[in-house]
Amino acid sequence: LAKTTQPISMDSYEGQEVNITCSHNNIATNDYITWYQQFPSQGPRFIIQGYKTKVTNEVASLFIPADRKSSTLSLPRVSLSDTAVYYCLVGAYKLSFGAGTTVTVRA
Amino acid sequence: SAVISQKPSRDICQRGTSLTIQCQVDSQVTMMFWYRQQPGQSLTLIATANQGSEATYESGFVIDKFPISRPNLTFSTLTVSNMSPEDSSIYLCSVEVRQETQYFGPGTRLLVL
Numbered sequence: 002l003a004k005t006t007q008p009i010s011m012d013s014y015e016g017q018e019v020n021i022t023c024s025h026n027n028i029a030t031n032d033y034i035t036w037y038q039q040f041p042s043q044g045p046r047f048i049i050q051g052y053k054t055k056v057t058n059e060v061a062s063l064f065i066p067a068d069r070k071s072s073t074l075s076l077p078r079v080s081l082s083d084t085a086v087y088y089c090l091v092g093a094y095k096l097s098f099g100a101g102t103t104v105t106v107r108a
Numbered sequence: 035s036a037v038i039s040q041k042p043s044r045d046i047c048q049r050g051t052s053l054t055i056q057c058q059v060d061s062q063v064t065m066m067f068w069y070r071q072q073p074g075q076s077l078t079l080i081a082t083a084n085q086g087s088e089a090t091y092e093s094g095f096v097i098d099k100f101p102i103s104r105p106n107l108t109f110s111t112l113t114v115s116n117m118s119p120e121d122s123s124i125y126l127c128s129v130e131v132r133q134e135t136q137y138f139g140p141g142t143r144l145l146v147l
């Protein structure tokens, strides 16, 4: 399983864009990169997944450089309800959750 | 996507007893997973449960402590046996809907006294 490294915490204000970068230097050729969001007292929720370049959905964008050794989750115009823990996971059906990034959005 | 429910949502148990947690999915899925999330911590995979075969346990978790059943493609149970306060956690089940994407249940919050 590829190990991931992401910041422990990030602070932001409403309306700003939040970018969380995840490092995964030993990503395998077949591995996808997936991001999850977890609110307190809830299970993680799938946000976005990508293999290379850029992926965008109604919630976020995911940027993956050509070497795929890192990825950046971009949350546009965050609101207070985006305060959560964000996890970056790589590959395999057995998910290995790291510590995640606690994003705190302030008014 | 998949809709996943868990029962009970929470429970308070006495040490030495056992609790069985149920996980129900609204569609047939091959792979189901059980995780534990201790207070303030990240998720730790307990085991993978495939229908028709024995569950596969991760390092540090054993069948005697966490027996799992997977009788069909929409249901699984996890039993936490001979509980101690250290077993106080949130227990989550998840299913793999497509490659490398899992959907999680709401979790079962367990407190052992």
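Protein chains in written order, with our numbering: chain L, 2 to 108; chain W, 35 to 147. Ideal Cβ placement from N, Cα and C applies to all residues, glycine included.
Contact between Q40(W) and G141(W) holds: CB atoms are separated by about 6 Å, below the 8 Å threshold. Rounded to whole angstroms, I48(L) and W36(L) show a C-alpha spacing of 6 Å. Going by beta carbons, S123(W) and L144(W) fall inside the 8 Å limit. Runs of the beta strand (DSSP E) lying entirely within the stretch 10-87 of chain L, each at least 3 residues long, are 10-14, 19-24, 34-39, 46-51, 54-57, 62-65, 71-76 in chain order. Under the three-state reduction of DSSP output, E120(W) falls in the helix class. In the DSSP annotation of this structure, the continuous segment of the beta strand (DSSP E) that includes P105(W) starts and ends at 102-106. A distance below 6 Å between beta-carbons, with the five flanking residues on each side excluded, links G51(L) to the following residues of its chain, in chain order: I34, L63, I65. Chain W places no beta carbon closer than 8 Å to that of L76(L), leaving this residue out of the contacts. Scanning chain W for C-beta atoms nearer than 8 Å to the C-beta of A100(L) yields S76, reported in chain order.
Residues of the stretch 89-103 of chain W with a C-beta atom less than 7 Å from some C-beta of chain L do not occur. DSSP, read as helix, strand or coil, puts K41(W) in strand. When secondary structure is reduced to three states using DSSP, E134(W) falls in the coil class, being assigned neither helix nor strand. When 9 Å is used as the limit between beta carbons, F40(L) is near no residue of chain W, the shortest such separation being about 11 Å.
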